[in-house]
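Participant: By this note's numbering, the letter at position 204 of the sequence shown is numbered 514, and the numbering carries on one by one without gaps. Have a look at this one.
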Amino acid sequence: MKLMRVGQPGQEKPAILDAEGKIRDLSAHVKDIGGDAISPEGLKKVAAIDPATLPVLSEERIGACVAGTGKFICIGLNFSDHAAETGATVPPEPVIFMKATSAIVGPNDNVTIPRSSEKTDWEVELGVVIGKTAKYVSEADALDYVAGYCVSHDVSERAFQTERAGQWTKGKSCDTFGPIGPWLVTKEEIADPQNLGMWLKVNGQTMQDGSSKTMVYGVAHVVSYLSQFMSLHPGDVISTGTPPGVGMGQKPPRYLKAGDVVELGIEGLGSQKQTFVADI
Numbered sequence: 311m312k313l314m315r316v317g318q319p320g321q322e323k324p325a326i327l328d329a330e331g332k333i334r335d336l337s338a339h340v341k342d343i344g345g346d347a348i349s350p351e352g353l354k355k356v357a358a359i360d361p362a363t364l365p366v367l368s369e370e371r372i373g374a375c376v377a378g379t380g381k382f383i384c385i386g387l388n389f390s391d392h393a394a395e396t397g398a399t400v401p402p403e404p405v406i407f408m409k410a411t412s413a414i415v416g417p418n419d420n421v422t423i424p425r426s427s428e429k430t431d432w433e434v435e436l437g438v439v440i441g442k443t444a445k446y447v448s449e450a451d452a453l454d455y456v457a458g459y460c461v462s463h464d465v466s467e468r469a470f471q472t473e474r475a476g477q478w479t480k481g482k483s484c485d486t487f488g489p490i491g492p493w494l495v496t497k498e499e500i501a502d503p504q505n506l507g508m509w510l511k512v513n514g515q516t517m518q519d520g521s522s523k524t525m526v527y528g529v530a531h532v533v534s535y536l537s538q539f540m541s542l543h544p545g546d547v548i549s550t551g552t553p554p555g556v557g558m559g560q561k562p563p564r565y566l567k568a569g570d571v572v573e574l575g576i577e578g579l580g581s582q583k584q585t586f587v588a589d590i
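What follows is the structure, given as structure tokens:
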């Protein structure tokens, strides 16, 4: 299933994309796409609904594909080829940092470049959406706790992230720096999350063209690993790292400016398109 949320910010309705690409209204059956709706029981309930019986929604704006996210967790330097382009060594354990949930926006919303930004960068990432509480889970069982997957754009401000004192979070958490969606694709539709093509274009030029197969730590490992340190709850999102081709890895480095258009997508998970604008 491809679950989504459509409507103006704060007024999104839960919806499902049918086989013909029509957006169908789920609001008579679930409150939102999050929490109970993406639990194993909730997904079973939605799967039993015939989409053809649901009203078609004509709303153009697509919101973030998950509501009520409590934690937005990111994994750094998790692609061997990306680590190489940045001159970093592959970490002996997953590098964890948090992205503020206030950064979350819809997949096609504008992204705002902060006023003092010098180095706003792009990163296409595979998002993992948790469907039931995970605590101390084994790697063998980890995917049982996943509701599905989505496209995640881990927009980053590199000067904030690496050139100023402190940790990475402030370079990752600026308002609008977390577009997710367009859909939450339930896990049964993705045969192998470790074999998905990933791409990103800036102003029509391909910058990233990679695959989740070059992840250092795969989805099952990451979910299990995180669950050893914190409980993962339904609606939590894990952004699992990016393939090579980011702006800081270009020679010379290249960063985003107002007016730039970024398009990105992942095989089977849809695509996003954002215009970058100045924060006035």
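Virtual Cβ for every residue (Gly too), placed ideally from N, Cα, C.
(1) Out of Val405, Leu574, Thr396 and Ile372, point me to the one whose CA is closest to Val465's CA.
(2) For Ile500, count neighbouring Cβ atoms within 10 angstroms of its own Cβ and tell me buried if that reaches 16, exposed if not.
(3) What span of residues does the alpha helix (DSSP H) with Gly317 cover, start to end?
(4) Might you give, ordered along the chain, the residues of its own chain that have their beta carbon closer than 6 Å to the beta carbon of Ala469, omitting 5 neighbours on each side?
(5) For Leu364, which residues from the same chain have a beta carbon less than 6 Å from its beta carbon, with the 5 sequence-adjacent residues on both sides left out?
(6) Can the beta-carbon of Leu630 be found less than 7 Å from the beta-carbon of Met517?
(7) What residues are listed by DSSP as bridge partners for Cys460?
(8) Of the choices Ala398, Lys354, Ile414 and Gly514, whose alpha-carbon is the least far from that of Ala377?
(9) Where does Pro489 fall in DSSP's three states?
(10) Starting from Gln584, follow the beta strand (DSSP E) in both directions and report where the run begins and ends.
(11) Out of Ser412, Asp431, Ala457 and Ile423, state which residue places its alpha-carbon closest to the alpha-carbon of Gln560.
(12) Based on DSSP bridge pairs, tell me the residues matched to Trp509.
Facilitator: Considering the structure as presented:
(1) As a first step, residue 465 is located in the sequence shown; it is residue number 155 there, counting from the start. Answer by Cα proximity: Leu574.
(2) Locating residue 500 in the sequence shown gives position 190, counting from the first residue. With 16 or more Cβ atoms within 10 Å of its Cβ, Ile500 is classed as buried.
(3) Position 7 of the sequence shown holds residue 317. Where Gly317 is concerned, there is no enclosing alpha helix (DSSP H), given that its DSSP letter is neither H nor E.
(4) Taking the first residue of the sequence shown as 1, we reach residue 469 at position 159. Glu428 and Lys429.
(5) Along the sequence shown, read from residue 1 onward, the residue named residue 364 stands at position 54. Once the five neighbours on either side are set aside, the close Cβ partners of Leu364 are Arg334 and Asp335.
(6) The chain is shown only over 311 to 590; residue 630 falls outside these bounds and no answer can be derived.
(7) Along the sequence shown, one-based indexing puts residue 460 at 150. Paired residues: Gly437.
(8) As a working note, residue 377 is residue 67 in the sequence shown. Looking at the Cα atoms, Ile414 is the closest of the given residues.
(9) Within the sequence shown, the letter at position 179 stands for residue 489. Pro489 falls in the strand class under three-state DSSP.
(10) Mapped onto the sequence shown, residue 584 falls at position 274. Counting along the chain, the beta strand (DSSP E) containing Gln584 begins and ends at Gly580 to Ala588.
(11) To locate residue 560, count along the sequence shown from 1; it is residue 250. Measuring from the Cα of Gln560, the nearest candidate turns out to be Asp431.
(12) Taking the first residue of the sequence shown as 1, we reach residue 509 at position 199. According to DSSP, Trp509 bridges with Asp519 and Gly575.
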